[in-house]
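Below you'll find the structure, written out as structure tokens, and then a few comments.
Protein chains: 2
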Amino acid sequence: MNADKRKRLEAAGWKVGTVQEFLNLNDADMEYIETKLALTKAVKLQRKRKNLTQVALAECMKTSQSRVAKIEKGDPTVSVDLILRALFALGATRKELANAI
Amino acid sequence: MNADKRKRLEAAGWKVGTVQEFLNLNDADMEYIETKLALTKAVKLQRKRKNLTQVALAECMKTSQSRVAKIEKGDPTVSVDLILRALFALGATRKELANAI
DNA sequence: TGACTATATGCCAGAAATGGCATAGCATGG
DNA sequence: CCATGCTATGCCATTTCTGGCATATAGTCA
Chain R
7 MNADKRKRLE AAGWKVGTVQ EFLNLNDADM EYIETKLALT KAVKLQRKRK
57 NLTQVALAEC MKTSQSRVAK IEKGDPTVSV DLILRALFAL GATRKELANA
107 I
Chain F
7 MNADKRKRLE AAGWKVGTVQ EFLNLNDADM EYIETKLALT KAVKLQRKRK
57 NLTQVALAEC MKTSQSRVAK IEKGDPTVSV DLILRALFAL GATRKELANA
107 I
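If you want it as structure tokens, here you go:
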């Protein structure tokens, strides 16, 4: 956003800022969220690469298709632990994990 | 263990194998555990580097000293999510996280 | 020795994540 | 059009994790 537009908006009573500011996220929160997002993308990518369905992956890691869907969609009820279990079930190594982050 | 000793043990009725086999861990489990362990080590290292006490780190990440102790000791009731929060609270970046894994 | 600081361990009520199920959406091919 | 295969979403009982507190242990210094 250029300074001009910003001025006009603020003159009209708008608060201008980033999403991060709006949500009161600090750097640690941001890193955490971005890491999680990167991991979910890695899961989807690896699963597709192996031509597995969500059901198949779910069986591998002894969970349900709905959980796998939520993992890949970045559902907030999914922990990093579960995402890692998915990645490793897909045969990822620690090195590959590190690259994905 | 050399083949000789193995034979002698088995002749005497012992089962010979790795810890991994004994605990029925597959490769995915192993990678997961090792990753978690690497992360806990990174937390301890970074905290020491910054000369923080467990209490100080606990305040940073809005948890308790006992949790921090458990993180660093690899307590099984600690999730990877919490470990990551600790690392990021210590100012680690995603890149540093990747290196730690 | 005793006081002090840091870390470790046990416990538990409350909070969050999980698996499982149902079902809805959405392509693609017949 | 309807099947069929795959993915998405909602719900909820059970399981797991968390924060907080108490207390124990270990190290250091006076």
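Just so you know, the protein sequences line up as chains R and F, in that order.
Each number in this note's numbering corresponds to the 1-based position in the first sequence with 6 added.
Each number in this note's numbering corresponds to the 1-based position in the second sequence with 6 added.
We put the CB at the ideal spot given by N, CA and C, even for glycine.
In the DSSP assignment, K68 (chain R) falls outside any alpha helix (DSSP H) and carries neither an H nor an E. For V84 (chain F), the secondary structure class from DSSP, reduced to helix, strand or coil, is coil. For L51 (chain R), the secondary structure class from DSSP, reduced to helix, strand or coil, is helix.
The three-state secondary structure of N105 (chain R), taken from DSSP, is helix. Short of 8 Å from the beta carbon of K79 (chain F), and not among the five residues preceding or following it, lie these beta carbons of its own chain, in chain order: T46. Selection R:K42, R:A9, R:D35 and R:K13 evaluated against V84 (chain R) yields R:K42 as nearest (Cα-Cα). Between D87 (chain R) and V49 (chain F), the C-beta gap is not smaller than 8 Å, which leaves the two residues out of contact. Contact note: A64 (chain F) does not reach chain R at a C-beta cutoff of 7 Å; the least C-beta distance is about 14 Å.
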